[in-house]
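Colleague:
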Amino acid sequence: MGRARGQCPPEPADAPFVPSDWQITRRALATVTVEPAGLVMQPPNLAVVGIAQLAHATRTHQEHAVNMLGKTVTITFHAQEFIFDFGDGSHPVVSHDPGAPYPDMTNQHTYEEPIESTHLTLTTWWQATVTNPWTGHTITLHEKLKTVETTPPFEVKHLHIALTDTAEELQGH
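Just so you know, we're using this note's numbering here: the sequence shown kicks off at 59 and counts up by one.
1. Helix, strand or coil for L112? Go by DSSP, reduced to three states.
2. From the DSSP output, which residues share a beta bridge with E170?
3. Can you list, in chain order, the residues of its chain with a C-beta nearer than 7 Å to that of G96? Leave out the 5 residues immediately preceding and following it.
4. With I197 as the anchor, note down where its beta strand (DSSP E) starts and where it stops.
5. Could you tell me the distance, in whole angstroms, from the CA atom of E93 to the CA atom of L217?
6. Can you give the beta carbon distance from I173 to D143, rounded, assuming they're within the 8 Å contact cut?
7. What is the residue span of the alpha helix (DSSP H) that T83 lies within?
8. Using the beta-carbon count (16 or more within 10 Å), is W184 buried or exposed?
9. Where does the unbroken beta strand (DSSP E) through A105 begin, and where does it stop?
10. Could you have a look at E139 and say whether DSSP puts it in helix, strand or coil?
Take a look at the structure:
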């Protein structure tokens, strides 16, 4: 008795199970947590009206390994966009550059008014890729993944400078 036209032959009973790219991607994403980008504010915990407040992210790339059916599945996250919201109602700073510690001024904001308590929020959009260890295919997700992190509250102050003649007096002038 022959097979009906259009039917595939049955898989041999001893053929190993090979998950699809979709199954691997879904499972890998379900088992991995995307870490935030590592928000840094400079100077930390204080901002001064009229002086640039700097911010940067310390992490732009993450790689995780997931064991699936005895094989290692690699999932990689690449930061695509950084949105720094300085908490004063102004437009956020949107950048594809994470910035760097001072003297880098890539992601900066100048406060115009004092604020008793505010915070800086970084929203990062990540692109994920998953590598199928059975086929070698690399799957890039079309949907971006988002992380959000926030600094502890801080105050935006006016800088007050007081000039005195104490130094002159100490020198006998």
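All C-beta atoms in this analysis are idealised placements derived from N, C-alpha and C, irrespective of residue type, glycine included.
Modeller: Let's see:
1. strand
2. Paired residue(s): none; E170 is not in a bridge.
3. The beta carbon of G96 sits closer than 7 Å to those of A115, T116, R117, all from its chain and outside the five residues before and after it, given in chain order.
4. 196-198
5. 36 Å
6. Actually they are not in contact, since the Cβ atoms of I173 and D143 sit about 13 Å apart, beyond 8 Å.
7. 79-89
8. Under this definition W184 is a buried residue.
9. Segment 104-106, the beta strand (DSSP E) holding A105.
10. strand
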